[in-house]
Each structure stands twice: as structure tokens, then as C-alpha cells.
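J.: Protein chains in written order, with this note's numbering: chain A, 1 to 591; chain B, 1001 to 1172.
Note that CB positions come from ideal geometry on N, CA and C, so glycine has one too.
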Ligand SMILES: Cc1cc2nc3c(=O)[nH]c(=O)nc-3n(C[C@H](O)[C@H](O)[C@H](O)COP(=O)(O)OP(=O)(O)OC[C@H]3O[C@@H](n4cnc5c(N)ncnc54)[C@H](O)[C@@H]3O)c2cc1C
Ligand SMILES: Cc1ncc(C[n+]2csc(CCOP(=O)(O)OP(=O)(O)O)c2C)c(N)n1
Ligand SMILES: [Mg+2]
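Here it is as C-alpha cells:
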């Protein structure tokens, strides 16, 4: 029987196990929407902006490990979703985005709402397709899901002209895909793995540096076995949080620009860096020429381009984390004995010393302004038994969330690392909530970032996605203000937000629940109230505006040279500021 | 250092822009790029002349391999190869210059492929040095137009894809 392109689209999605599509309609995709409307297997979540749809697909993908799907119209629909595609590309998130296109006979004529979707998305997708013939549609969709989810995952765009969605073709879904130019390597080179095992056995100061690849690969169990068996400390990247239990004794927390003191010191002084599914981003390495100067480097990554892109690698292993770690563990199981523990005792003594010397700190006065770290810490303690999924926006609050919310398991952490997209947090949380209706999903947001996709509150209310947004409301683009205080002599160019909406009223206006924490003593009670609500909630927490996030490695600095607290001039300035609210900014600025 | 990279790609819509976009987006050099279908009409062959240190060339090879439409990448510098470039040069020639032009054509084993009362159009092919040399000699006569194809190159013996070799280099 012949099906229309729109019907074929739906049949393909069903075969790929897609349950939810985040979408916003328009002229050229109406046939697809109309067909979706007449079936029940796939839920359509109507977003208020295509960027929201894209981030929801990302959140869905990160939480489930499966491809997230969004559907947008041509022209402005496409350009709106670009930010989310670029975000997914940087963070290797499997997203399949379907865009509508003007009818094939009009392509290139500057038709109404025409855009070169393939051209626009080329630099920010893993691959993209323009389907010109309905007979190619099914095979193309199959390839799109295959490419998005295999190897190093990433976003794929399928551009469907209007006439293709209406035309009919015989439907057959291919069982398998074979693309001659695309064969990701999963098995690591055995000889290299043996070399790695030998290096691990000999190392006196080894460190595991693990990233998002461990999560994509589902290799947390293997990582845990490796770390425990060899007693090697674990540094996680921002994207790797949750790959290893945050409260485990072997965990040193996050490394990098706002990583913990011990994590950065340990990688700097290590003699063997074992990088697993991490890509030596500049937020981690700082000054590349002085990154881990004493170490041999083992690098396991499925993408050959990640290896030796930024730093020299001694033992490169191209392959999937899980497969490679299994093989590595098997070798080590046969060789590890008590000796390594003795060999590394001085290393662990040193690490514990670092840990004690400079733990993460902040000072919460009993009646003083609310400190953002305190909010994250209490939120963590109040929810950890419920195994929540946590998303963040971008800024200081994101870093505090990374530092204080200690994730126990993978796929619970949704954050924008590579692109650093403000406005990511809320829609990403909604995407995860759409996948797991019964789970607790939290969004730790900034007052600046959250406004970039606030419109999705309507989607959350209508589609019953009871995400809990906790806004660390410092009245500032806080991360920008921090840099200005540290590197631009405190000139707050466009970092003060001046007018911010009343988030409680805003929540109310959308039909969600708005709560505010007025003083630190109320924090627990208000958080508990929010957690007990079955609707979307905004908790507005006015926090101390001048709190800075430490440790901090200034851009291009070395990992062992961290700023650990406000420099004295700044402390002086802020001791005055502690008593004023942002409304008194003039007083502060002249203080 | 200059490298000549031979890239076998799918012969389909948009592949050239993916390759060109890769080079511009990542700030890699392209000195020249030539592309044409192969014996198998489903594939095209690109010859890319680029330059960079060892690490950059390794990245270029890996990034090319990563493109889904790229089937095979060979860094020809890793093997023996022959390369050619063709130039078409239109020179202004009058009176005595015409004889001089023909002499130069003869020395370089070039061909005159078109002639008008005031011009010769000369085709020459060879390595870049030879082409530079003939251009230098023709310059005094007055070159009106110059078109160069960019280099094409082929390995002397069949070679394996550099994807595998890049890994080997990294291991050594
Ligand atoms: C305000 C701000 C501050 C930041 N500060 C920090 C900071 O202090 N510390 C920090 O770490 N980051 C920080 N980041 C994030 C940083 O920019 C990078 O996004 C992050 O470091 C990259 O993490 P990753 O190395 O784990 O790589 P990812 O981007 O997660 O990439 C994963 C890697 O694993 C590979 N891979 C994928 N799948 C597999 C598989 N199956 N098997 C093997 N390998 C696989 C991929 O090829 C890739 O190389 C910050 C971001 C922002 C916005
Ligand atoms: C879309 C976008 N625009 C600009 C930036 C640059 N930027 C990074 S952090 C930040 C401030 C974020 O403010 P807020 O959300 O209030 O978080 P805070 O740092 O105050 O916790 C800005 C403007 C960005 N990351 N993303
Ligand atoms: Mg803020």
C-alpha cells in the first residue's frame, strides 16, 4: 500500500521507538502535523519557540540516551532551532531535527519562508539531508537516526519539502544501514590497551579524567570497576558529572576552570592522565603548554579527531569507552595486586592534604543574604533520595550546581557545556520530564538565562511537565559581573539586569506556581513546598549579588594556579556591598 | 609544510561545500582544490593542496575522514606520487613577440591552443615550478589572462587510506 510522505514519516518514527516529538507548526509542515494529529502513538508537544523544541529534544536525549526528536517549519522555524542544533553539536547530543522546506519546484526561488536549511545547519550538525523524492524518505530517516546515535553522537537534520510530505510512495523500512564513508570504531586496538594497562600498573600518581563520552557509552559501571580496582582518583569534566558517583571516596569532583582544588592539583602533578571520553577542552586544560606537564597521557575516545587535537597523547585508543574499559579491566584484573596501593600511598596522602587545605567553601551568615551555594546544597540534600534529574542554565549558578550537586548516576545532569547556551536549562528539563513523567526534574537557573526561554512555561503548564525551576536571582549576569570585578576593574558594563520581572507573578500568570524565599531561614520550607507541588514551579531565590565562584583558573592560566577567594581589594569593596541590594547599585559602584 | 591530500568522496549534491566548509570553518589552509568524477560515477576524486605542521595535517586527515561523505583519504606525502597542474595563459602578442612566444612554448613543451591576431592562448602542464617559470618568461610579453587548474596527483603504487596510517603514526 502506498503512504504519503507524512505517513511514512510517522511510520519511521514509530519504528525508531520515538514516543515524543517537540514541535511547532507552519505552512510547509502542515501535512505532517495533520497526520500526526490523527494518530495516538506519538505525542506532539507544542512548544512556544523552536529553540525550546530543540533544547527539549536535547534534554530528552541526555536523560534517556536515545535520540530526541524535534520538528520545525521552514525559514524562521529553521533559523530559530539553529542555536539548539549548535548546542547539541558541541555537546554530542543525539537529536534528529525535521524541518519543513518549500516545495521542490520552488527551491532556490526565494519562495515564501524559504531558507537554505541544509546550508544553514551544515556547520552545526553531524550530517544533514534534503529529501527530494518521497521514495527516499524512509531510508533517509533510518540513516538520520543511525548517524545521530552511533559513533560520537550528534544532531542530524532532515529537510522535507512540502510536496514530499504529500506525495505517495510504497513504504518499506530498511533493516540496516550501510554507509561506506561512515564506520565508527568501537573496539580499541588490543596492543594499545595492553600498553595502557602496563602504564597504569606502573604509575605512581595516576588520575582518571573522565567526560561525557563515558555517559554516551553507558560505561559508568566499567569506570567504577576500573577506579576501585586500581584505586585511582577520578576527575570529572562538567559534561562527565554523574559518570562516577560524586560522593564516592575516589571522586575528586569536577576539574577545570571552576573545578575543585584537589581535582586541578591532582591532574597538574599527575604522572599518568587516563582520559576517557573527554576532549581536553580549554576550560579544562587552561594553558595547553603547561597542562599536566609531568604526565604520560592515555586517551580513549571514539572520535579520532578528539585525540591529539589539543594536547600530545602517548597512548591513543580509538574506541568506545565501554568496550575499551571492559578489555582494560580484564587485563588489569589478572595483574592488579596489593602493590599498587603501597606504590600510590604518597599520592593519596598528597591528595587528601589538598582536599583538606582547600575544600569548596562559602560563608552563610544566619541572618545574612542568601548565598547561592547554600541553595544548591540544601536542594541537593533535600532531593538526593529522589534521584532527581537536574538541568542548569549558563553562568555562576551552573558552576555552583556542578560543585555542590553531587550526582550519583549518569543521565541525570543536563547542562550546556560546549556552546554555553543561556536558556538551555528550562526546556532541557522539560524534555527530560516528558521522557520521565514520574521523576523529579529540577532546573537550577539564573535570572538572566531563564528569561531566554521563559515562554516555554506555557508549554510546561499545558503539557503537564511539572519541572521545578529554582532561580538563583542575583540581579546580575553574575558570571559576567565576576569577570568584570576580577579583570575589568569592577566596571559593570551591561551585567546588571536592573529590571527583572517578578518571577512569582510571572509563574502565576502562566498558571504555574510561584514561590519566593525571603530569607535564608525560609529556604528549606519553601523548597519543600515546591518539591511537594505537582505543577511546574518557579522558586525565586534572591541571592547575594556579589558572590563569586571559586576556585577559578583565569582563562589561559595553569591548573595549579587557582584563584581561591576574592582578592583583597574586592573583599573590601564587597564588605560594603553585603548590606545593599542591587537597587542601590550606584552606592555599590562608587564604593 | 605542503601536503597533497587525495580524497575520494561520494559524488553527490553538497559534498564540495562540506569539504570546503570544513577547511574554512577550522581555519585550515587550502592552496588549491580540484574535483572530478572517477571511473566509478558514484564517486569523485578531490586533490587538495594544503599546508601545516604535522599536527595540523593529522587533524586535516582525521577531520576529512570524519565527514560522512568521505570514503577514503590519502596523504600523498606519505608515499611516492606524481602530480601535474595545467595552466592556460592568454598572452598579448604582436609582431616580433609572436615568434618569441612560440620559442618559449617550444622550450616548455607547451601548446598554442588558440590564436587571434593579437593573442596566443597557451596551454602548459607540469609541476608548479615549471608553470611559474613559463609565466615569468611570458610576463614581459604581457599576460592578459591566466587560469590554473590547481594540482592533481596520484600515488605511484596503490596505497591504503591514511585513516589507518594516522593511527599508526600516533602509536609510534
Ligand atoms: C560557564 C562555563 C564554565 C565551564 N567550566 C568548566 C569547568 O570548570 N570544567 C569543565 O570540565 N568544563 C567546564 N565547562 C564545559 C566545557 O566548556 C566543555 O564543555 C567540557 O569540558 C567538555 O567536556 P568533555 O571533555 O567531557 O567532552 P564532551 O563534550 O562531553 O565530549 C565527549 C567526548 O567523548 C567522546 N565520546 C563520545 N561518545 C563516546 C563513546 N561512546 N566512547 C568514547 N568516547 C566517546 C567524544 O568524541 C568527545 O571527545 C564550562 C562551560 C561553561 C558554559
Ligand atoms: C545566549 C548567550 N548569550 C550570552 C552568553 C554569555 N554569558 C555567559 S554567562 C552570562 C550571564 C548569565 O547570567 P545568569 O543567567 O543570571 O547567571 P548567573 O551567572 O548570574 O548565575 C552571560 C551573559 C551566553 N553564555 N549565552
Ligand atoms: Mg544572575
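#1: May I ask you to report which of helix, strand or coil DSSP gives residue 55 of chain A?
#2: List, in chain order, every chain A residue whose beta-carbon is nearer than 8 Å to that of residue 1129 of chain B.
#3: Hey, is residue 420 of chain A close to ligand 3, as in C-beta under 8 Å from one of its heavy atoms?
#4: Given residue 1088 of chain B, which residues of its chain have a CB within under 6 Å of its CB, disregarding the five upstream and five downstream residues?
#5: Just checking, does the stretch 165 to 172 of chain A make contact with the stretch 200 to 209 of chain A on the three C-beta pairs under 8 Å criterion?
#6: Along the stretch 1021 to 1040 of chain B, what residues have a CB closer than 8 Å to any CB found in chain A?
#7: According to the neighbour-count rule (16 or more other Cβ atoms, all chains shown, within 10 Å of its Cβ), is residue 191 of chain A buried or exposed?
#8: Output needed for residue 196 of chain A: all residues of its chain with C-beta closer than 7 Å, excluding positions within five of it in sequence on either side, in chain order.
#9: Quick one: grab the DSSP three-state call for residue 489 of chain A.
#10: With a threshold of 8 Å, are at least 3 pairs of Cβ atoms found where one atom belongs to the stretch 174 to 183 of chain A and the other to the stretch 249 to 258 of chain A?
#11: Is any non-hydrogen atom of ligand 3 found closer than 8 Å to the C-beta of residue 448 of chain A, if you look at the structure I gave you?
#12: So is the beta-carbon of residue 87 of chain A under 8 Å away from any non-hydrogen atom of ligand 5?
#13: Going residue by residue through the stretch 404 to 451 of chain A, where are the continuous beta strand (DSSP E) segments of at least 3 residues, counting only ones entirely within it?
#14: Comparing C-alpha positions only, which one of A/374, A/412, A/516 sits nearest to residue 386 of chain A?
#15: At the 9 Å Cβ level, is residue 18 of chain A part of the contact set with chain B, yes or no?
#16: If contact is defined by three or more beta carbon pairs under 8 Å, each pair taking one atom from either stretch, is the stretch 398 to 414 of chain A in contact with the stretch 4 to 19 of chain A?
#17: Quick one: what does DSSP say residue 468 of chain A is sitting in, helix, strand or coil?
#18: Does residue 130 of chain A come within less than 9 Å of chain B when only Cβ atoms are used?
#19: Measure how close the beta-carbons of residue 98 of chain A and residue 71 of chain A come, nearest whole angstrom, since I'm counting them as under 8 Å.
#20: Taking 8 Å as the cut-off, does the CB of residue 634 of chain A come closer than this to any heavy atom belonging to ligand 1?
#21: Any idea if residue 562 of chain A is buried or exposed, counting beta-carbon neighbours within 10 angstroms, 16 or more meaning buried?
#22: Any heavy atom of ligand 3 inside 8 Å of the beta-carbon of residue 548 of chain A?
#23: Please list the terminal residues of the continuous alpha helix (DSSP H) segment that includes residue 594 of chain A.
#24: Taking only beta-carbon positions, decide if residue 516 of chain A is within less than 9 Å of chain B.
#25: Using a Cβ-Cβ cutoff of less than 8 Å, which residues in the same chain neighbour residue 615 of chain A once the five nearest sequence positions on both sides are dropped?
#26: Listed from N- to C-terminal order along the chain, which residues in the stretch 1114 to 1127 of chain B have their beta-carbon within a distance smaller than 7 Å of any beta-carbon of chain A?
#27: Is residue 987 of chain B buried or exposed, if buried means 16 or more other CB atoms sit within 10 Å of its CB?
#28: Counting only runs of 4+ residues fully inside the stretch 516 to 575 of chain A, write out the alpha helix (DSSP H) ranges in chain order.
#29: Let me confirm a value: residue 391 of chain A is counted as buried when at least 16 other C-beta atoms fall within 10 Å, else exposed. Which label applies?
#30: Compare the C-beta of residue 1010 of chain B with all C-beta atoms of chain A and state if any pair is closer than 9 Å.
#31: In chain order, what residues of the same chain have a beta carbon less than 8 Å from the beta carbon of residue 158 of chain A, not counting five sequence neighbours either side?
#32: Is the shortest distance between the beta-carbon of residue 1067 of chain B and the beta-carbons of chain A less than 9 Å?
#33: Going by Cα to Cα distance, which pick from A/274, A/518, A/43 is closest to residue 375 of chain A?
#34: Does the beta carbon of residue 278 of chain A fall short of 8 Å from some heavy atom of ligand 1?
#35: Would you mind working out which of A/84, A/23, A/338, A/46 sits nearest residue 420 of chain A, comparing C-alpha positions?
#36: Residues in its own chain within less than 6 Å of residue 88 of chain A by CB, not counting five upstream and five downstream?
T.: Reading from the atomic positions:
#1: Here the question's residue 55 of chain A lines up with position 55 in the first chain. Three-state DSSP puts residue 55 of chain A in a helix.
#2: Here residue 1129 of chain B refers to the residue found at position 129 when the second chain is read from its first residue. Simply none; closest approach about 33 Å.
#3: Residue mapping note: residue 420 of chain A aligns to position 420 of the first chain, counting from 1. Because no heavy atom of ligand 3 lies under 8 Å away, the Cβ of residue 420 of chain A does not count as near it: no.
#4: Along the second chain, one-based indexing puts residue 1088 of chain B at 88. Only 1123, 1147 meet the Cβ criterion.
#5: Fewer than three pairs of CB atoms, one per stretch, sit closer than 8 Å, so the stretch 165 to 172 of chain A makes no contact with the stretch 200 to 209 of chain A.
#6: Against chain A - using a Cβ distance shorter than 8 Å - the residues of the stretch 1021 to 1040 of chain B are 1021, 1025.
#7: Position 191 of the first chain, counted from the start, is the residue given in the question as residue 191 of chain A. With fewer than 16 other Cβ atoms within 10 Å, it is exposed.
#8: The residue given as residue 196 of chain A occupies position 196 in the first chain. Cβ neighbours of residue 196 of chain A beyond the five flanking positions: 298, 315, 317, 328.
#9: Translated into positions along the first chain, residue 489 of chain A becomes position 489. Note: residue 489 of chain A maps to coil in three-state DSSP.
#10: By the Cβ test, the stretch 174 to 183 of chain A is not in contact with the stretch 249 to 258 of chain A, since fewer than three Cβ pairs between them sit closer than 8 Å.
#11: For this step, residue 448 of chain A is matched to residue 448 along the first chain. True, at least one ligand heavy atom lies under 8 Å from that Cβ.
#12: Questions concerning ligand 5 fall outside what the structure shown contains, since the ligands it does hold are ligand 1, ligand 2 and ligand 3.
#13: Listed in chain order, the complete beta strand (DSSP E) runs (minimum 3 residues) inside the stretch 404 to 451 of chain A are 441 to 446.
#14: The sequence position of residue 386 of chain A within the first chain is 386, counting from 1. A check of alpha carbon separations from residue 386 of chain A across A/374, A/412, A/516 identifies A/412 as the nearest.
#15: Here residue 18 of chain A corresponds to residue number 18 of the first chain, with the count starting at 1. It does not: the Cβ of residue 18 of chain A has no partner Cβ on chain B nearer than 9 Å.
#16: At 8 Å Cβ cutoff, the stretches do not touch.
#17: Against the first chain, residue 468 of chain A aligns to sequence position 468. DSSP, read as helix, strand or coil, puts residue 468 of chain A in strand.
#18: Within the first chain, residue 130 of chain A is the residue found at index 130, counting from 1. Residue 130 of chain A counts as touching chain B.
#19: Position 98 of the first chain, counted from the start, is the residue given in the question as residue 98 of chain A. Position 71 of the first chain, counted from the start, is the residue given in the question as residue 71 of chain A. Distance from residue 98 of chain A to residue 71 of chain A at the Cβ level is roughly 5 Å; contact confirmed, criterion being Cβ atoms closer than 8 Å.
#20: This structure does not reach residue 634 of chain A, given that chain A is present from 1 up to 591, and the question cannot be answered.
#21: On the first chain, residue 562 of chain A is found 562 positions in, with the first residue counted as 1. When all chains shown are included, residue 562 of chain A counts as buried.
#22: Within the first chain, residue 548 of chain A is the residue found at index 548, counting from 1. Checking the 8 Å criterion, the Cβ of residue 548 of chain A is out of range of every heavy atom belonging to ligand 3.
#23: Residue 594 of chain A is absent from the model: chain A starts at 1 and stops at 591.
#24: Counting from one through the first chain, the residue named residue 516 of chain A turns up at place 516. No, residue 516 of chain A lies away from the interface with chain B (no Cβ there is under 9 Å from its Cβ).
#25: Since the first residue shown for chain A is 1 and the last is 591, residue 615 of chain A is missing from the structure and cannot be characterised.
#26: Hits within the stretch: zero.
#27: Shown here, chain B extends from 1001 to 1172; a query on residue 987 of chain B therefore has no answer.
#28: 523 to 531, all fully within the stretch 516 to 575 of chain A.
#29: Taking the first residue of the first chain as position 1, residue 391 of chain A is located at position 391. It is buried - the Cβ of residue 391 of chain A has at least 16 other Cβ atoms within 10 Å.
#30: Here residue 1010 of chain B refers to the residue found at position 10 of the second chain. At least one C-beta of chain A is nearer than 9 Å to the C-beta of residue 1010 of chain B.
#31: Here residue 158 of chain A is taken as the residue at index 158 of the first chain, counted from 1. If we look at residue 158 of chain A and ignore the five residues flanking it on each side, its Cβ neighbours are 96, 97, 98, 99, 128, 129, 131, 140, 141, 144.
#32: As a first step, residue 1067 of chain B must be located in the second chain, where it is residue number 67. Interface residue, yes.
#33: As a working note, residue 375 of chain A is residue 375 in the first chain. Here the closest residue by C-alpha is A/518.
#34: Taking the first residue of the first chain as 1, we reach residue 278 of chain A at position 278. Because some heavy atom of ligand 1 lies under 8 Å away, the Cβ of residue 278 of chain A counts as near it: yes.
#35: Within the first chain, residue 420 of chain A is the residue found at index 420, counting from 1. Residue 420 of chain A has its Cα closest to that of A/84, out of A/84, A/23, A/338, A/46.
#36: The residue given as residue 88 of chain A occupies position 88 in the first chain. When the five nearest sequence neighbours on each side are left out, the beta carbons in the same chain lying within less than 6 Å of the beta carbon of residue 88 of chain A are those of 58, 95, 155, in order along the chain.
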